[in-house]
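Reviewing the structure listed below.
Chains as they are written, first to last, in this note's numbering: chain A, 86 to 423; chain B, 399 to 689.
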């Protein structure tokens, strides 16, 4: 009886093993048939280098005395060996040279912060509960880079991109600190009946002061303070402004430091109130042509295809003027996420 | 009388403010170009405290006395060229590009031009101008608002060369770009707005030395062909390997491979799993038979 039980257990184990194999193979197949990924870098070639002192290579009859920059300093003293250039010298491992750029600043508590290098997203991190973040990118070559930083708040609203033109030198770590990302901003209504309350809200650094600029005949400036979680809300009495289309933007300040302005969002004061769609992210919905919540090289390429061509699709013609020109690309650059 | 005075002062202040806020494209370089030697002319921008994100224009130069040797974009703040800078007609270089996220600052490079002066004939020197026409600078405001823009005429003279040309060439060699363009990842996409919804590939990279010259694409066993992003993929079944090569203006290149869809039977891990499975199954079966 026991032997029978052991055998049936073995059979079950065997069957289970076979099922595991089938599952592994099928899931691997599924993964590969669905995935679209870059697999490998194949090659990187350069033209023959010009040889000179300072090209980081000890060649072209250079010696430690004629070119210490490339060949290293000539050994001094030592145990009996001559100091000629051909003598074996004590080699020390070269120092590890990391060329990188680091960015430190404040976004929103526990928010996703993205780093964009020359228009391409290259790194992301999560800010701490105090909204502080630090993010680095390495593997850079000498030259001038345009770095951009943006963050997404707890509700999925994204900030505008803060850009920095950073000159990077080989072997040197560059740090950009004191970054203060602009607050996020959103509305609870796209249209509001004059006299009703319009809720303007977003997220920023905890306990930061938020200044709201409301475009009207005369610009109104309202102030509120963010709570411990960085959330801020201003209940705006729309009887203060006339009927028609308006825009608003926000800016944060804390300890004497100011953020850039948030993106500008529009609303209408009319005779009825229309609630804003909950999931709507201000601004980007028309520019994100492939629906991946990103504005990047894909959107740029689609617009580039239609540049100066006749009858572009309405979704590519961002300002609805019947053509794709620099204005459309400028709108795209404003909402760029990388 | 007082009213006239007030109006005049207000207008003057407004005029001064508008002049101060005009973003400026500055053309600079050595104002004396020697025949036979090369001279670099820089096109830089001063945004005058405005946040801008798009620039375009036509650089006009006298091609009767100047030969354009190279257009350098490696140091440019323009990350995406809508129109890659190139000669559009005789003595006319067209450029158009954007800076994602915007830029505010002074002295950053848009592009640089390397010119070589031509022979003058009988004249010992001539005065000429390089200028920019149709200049447009757009604000980073989400609406593409046109910024006030101004530029300068760059006046230069061409004269007979009296210095040693070899020194100039040597100096140029020392600054020669020997680095490949940066590593990049092409992205596959498809969209109803383009190529009738067919698959296409987009790609971009940077070269901090001389700038990107062009891209080439190779599908499967075919040869590399010059290509632009977006690139319509020929094999819409996505079974061919695709190679994208970026080449800078000095001829340095980098190639990346893109496999749109990996065929599951080309995955070596699956064979290892199957072999382990078979060995395991045989082992268990044998052991159970023994008992």
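Note that beta-carbon positions come from the ideal geometry of N, C-alpha and C, so glycine has one too.
Values in this document were obtained by computation on a predicted structure and should not be read as measured data.
Considering only the alpha carbon of each residue, which of 296(A), 224(A) and 232(A) lies closest to residue 500(B)?
232(A)
Please state whether the Cβ-Cβ distance between residue 320(A) and residue 284(A) is less than 8 angstroms.
yes
With a cut-off of 8 angstroms, do at least 3 Cβ pairs link the segment 543–560 of chain B to the segment 480–490 of chain B?
no
Is it a yes or a no for the segment 537–548 of chain B touching the segment 448–464 of chain B, going by three-plus beta-carbon pairs under 8 angstroms?
yes
Using CA coordinates, which residue listed in 641(B), 457(B) and 526(B) is at the minimum distance from residue 510(B)?
457(B)
Relative to the C-alpha of residue 478(B), which residue among 531(B), 508(B) and 588(B) is closest?
508(B)
State yes or no: is the C-beta of residue 223(A) within less than 8 angstroms of the C-beta of residue 183(A)?
yes
So residue 539(B) contacts chain A; which residues on that side make the cut at Cβ distance below 8 angstroms?
349 and 419
To be precise: take each residue of the segment 623–637 of chain B, compare its Cβ to all Cβ atoms of chain A, and keep it if any distance is under 7 angstroms. Which residues remain?
627 and 628
CA-CA distance, residue 247(A) and residue 218(A)?
14 angstroms
Quick one: is the Cβ of residue 327(A) within less than 7 angstroms of any heavy atom of the ligand ATP?
Among the components of this structure there are no ligands whatsoever, and the ligand ATP is therefore not found.
Under 8 angstroms, Cβ to Cβ, is there at least one residue of chain B near residue 68(A)?
The structure shown does not extend to residue 68(A), since chain A spans only 86 to 423, so no value can be given for it.
At 7 angstroms on the CB atoms, spell out the chain B contacts of residue 203(A), in chain order.
477 and 604
C-alpha distance - residue 503(B) paired with residue 357(A), whole-angstrom precision:
44 angstroms
Taking one C-beta from the segment 279–299 of chain A and one from the segment 308–319 of chain A each time, how about it: are there three or more such pairs within less than 8 angstroms?
yes
Using only alpha-carbon positions, find the residue among 630(B), 641(B), 531(B) and 467(B) that is nearest to residue 514(B).
467(B)
I'd like to check one pair, residue 287(A) with residue 335(A): are the Cβ atoms closer than 8 angstroms?
yes
Output yes or no for whether 8 angstroms exceeds the beta carbon distance between residue 303(A) and residue 355(A).
no
Please classify residue 231(A): does DSSP put it in a helix, a strand, or coil?
strand
Threshold first: 3 residues or longer. Then list the beta strand (DSSP E) segments lying entirely within the segment 243–308 of chain A, N to C.
247–253, 258–265, 274–278, 282–288 and 294–299
What three-state label does DSSP hand residue 500(B) in the structure shown?
strand
Contact set between residue 416(A) and chain B, taken where Cβ atoms lie within less than 8 angstroms
540, 541 and 542
Short check: CB of residue 498(B) to CB of residue 228(A), under 8 angstroms?
no
Given a cut-off of 8 angstroms on the beta-carbon distance, is the pair residue 441(B) and residue 425(B) in contact?
yes
Contact list for the segment 372–387 of chain A against chain B, Cβ threshold 7 angstroms
374, 375, 382, 383, 385, 386 and 387
For residue 404(A), decide whether its Cβ has a neighbour in chain B, counting only Cβ atoms nearer than 8 angstroms.
yes
Where does residue 421(A) land, buried or exposed, given buried means 16+ other C-beta within 10 angstroms?
buried
Contact the segment 633–651 of chain B vs the segment 599–608 of chain B: 3+ CB pairs below 8 angstroms:
yes
Contact list for the segment 245–279 of chain A against chain B, Cβ threshold 8 angstroms:
245, 246, 247, 248 and 250
Write down the C-beta distance between residue 622(B) and residue 603(B) rounded to the nearest angstrom, noting that I regard them as a contact closer than 8 angstroms.
Residue 622(B) to residue 603(B), Cβ: 16 angstroms. No contact.
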